[in-house]
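As structure tokens, the structure follows; a few thoughts come after it.
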Ligand code: ZN
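Residue numbers (this note's numbering): 207 to 458.
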């Protein structure tokens with residue numbers, strides 16, 4: 207009788223696990239860094255992104271904390287967070303950079319937007335150049351919408367997205383060398399050829415320009431969107447941001 211009870215309880219427990227979604231409900235903590243003394247369009251993005259991610263966190267049951275104090279990029283603070291986000295800047299000091307690279311080398315996760323991936327010299331921070339898999343090379347101007355192609359619709363962060371969509375006004379960056387040629391990099395989205403020439407004052411003339419990717423050696427996503435107040439106005443693109451953060455937080 208006891209054994210039967212144990213078996214019954216076991217089955218009920220197993221059933222409850224499935225009903226609750228088990229791993230799907232795993233929670234995690236996100237620490238987002240931003241600056242208020244940078245280009246106004248980059249401030250505008252962060253100002254909108256913070257409430258956007260706060261409401262996502264309530265919906266998806268994770269914790270989202272935003273700080274403009276880059277001194278929080280230190281080991282003691284980072285140990286309480288599973289995901290770090292750079293909304294509109296990047297660390298300036300050697301101490302912050304070392305804390306970040308140690309965090310990423312030991313299982314941390316990162317999502318960087320737009321200027322987070324900007325670095326004009328490899329010598330500035332060689333580790334980051336390898337981590338990003340490429341370097342900034344040029345940009346379009348003024349901010350304009352662009353058609354983006356999804357490279358792999360089966361990846362967890364692009365699941366549910368169409369083969370292509372129109373991404374709202376953004377300043378688009380090009381990269382040298384192309385991250386696609388880096389064996390560690392998996393490209394998730396690319397500017398469609400139909401966009402070219404893209405821009406008026408500054409123009410991306412053509413070629414292969416990825417806009418979102420991951421480095422398979424790390425838990426990371428870089429997304430080139432993040433310039434201006436229209437970035438979060440598209441449902442398809444917002445789904446990408448949500449998928450990306452949940453994937454980095456350990457949910458697939
Ligand atoms: Zn910009």
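Backbone N, C-alpha and C fix where the C-beta goes; we use that ideal spot for every residue, glycine too.
Taken in chain order, the complete beta strand (DSSP E) segments of 3 residues or longer contained in the segment 349 to 428 are 350 to 356, 370 to 376, 379 to 382, 391 to 397, 416 to 421.
In the DSSP secondary-structure assignment, residue 317 is bridged to 291, 427. Not one heavy atom of the ligand ZN lies closer than 8 Å to the C-beta of residue 344. Per DSSP, the unbroken alpha helix (DSSP H) holding residue 265 starts and ends at 246 to 266.
Here residue 237 carries a strand assignment [DSSP, helix/strand/coil]. Closest in C-alpha terms to residue 257, from the list 415, 270, 299, comes 270. DSSP places residue 307 in no beta strand (DSSP E) but in the uninterrupted alpha helix (DSSP H) bounded by 300 to 311. Going by DSSP, residue 449 is part of the alpha helix (DSSP H) stretching over 441 to 454. Here the C-alpha atom of residue 434 lies approximately 24 Å from the C-alpha atom of residue 454.
In the three-state reduction of the DSSP assignment, residue 275 falls in the coil class. For residue 334, there is no enclosing beta strand (DSSP E); the enclosing alpha helix (DSSP H) has its first and last residue at 332 to 338. The beta carbon of residue 240 is closer than 6 Å to those of 252, 274, 293, 294 in its chain, skipping five residues each way along the sequence.
In this structure, residue 352 and residue 404 form a Cβ contact; the two beta carbons are roughly 6 Å apart against a cut-off of 8 Å. Residue environment: residue 420 is assigned as buried (16 or more neighbouring CB atoms within 10 Å of its CB, all protein chains considered).
Non-local C-beta neighbours of residue 381 in its own chain, meaning closer than 8 Å and more than five positions away in sequence, comprise 340, 341, 342, 343, 415, 416, ordered along the chain. Contact fails between the segment 281 to 288 and the segment 321 to 332, because fewer than three Cβ pairs, one in each stretch, are under 8 Å apart.
Spanning the alpha carbons of residue 244 and residue 255 requires a straight line of approximately 15 Å.
Near the ligand ZN, residues with a Cβ at less than 5 Å from any of the ligand's heavy atoms are 377, 433; the list follows chain order. Excluding its 5 nearest sequence neighbours in each direction, residue 458 has C-beta neighbours in its own chain below 6 Å: 362, listed in chain order.
With fewer than 16 other Cβ atoms inside 10 Å of its own Cβ, residue 326 counts as exposed. Straight-line spacing of the CA atoms in residue 424 and residue 315 works out to 7 Å.
In the three-state scheme derived from DSSP, where H, G and I count as helix and E and B as strand, residue 269 is classed as strand.
Taking C-beta separations shorter than 6 Å and ignoring five residues to either side along the sequence, the partners of residue 388 in its chain run 339, following chain order.
Annotation for residue 283: the continuous alpha helix (DSSP H) segment containing it runs 281 to 284. Annotation: the continuous beta strand (DSSP E) that includes residue 345 extends over 341 to 345. The C-alpha of residue 330 is placed about 13 Å away from the C-alpha of residue 304.
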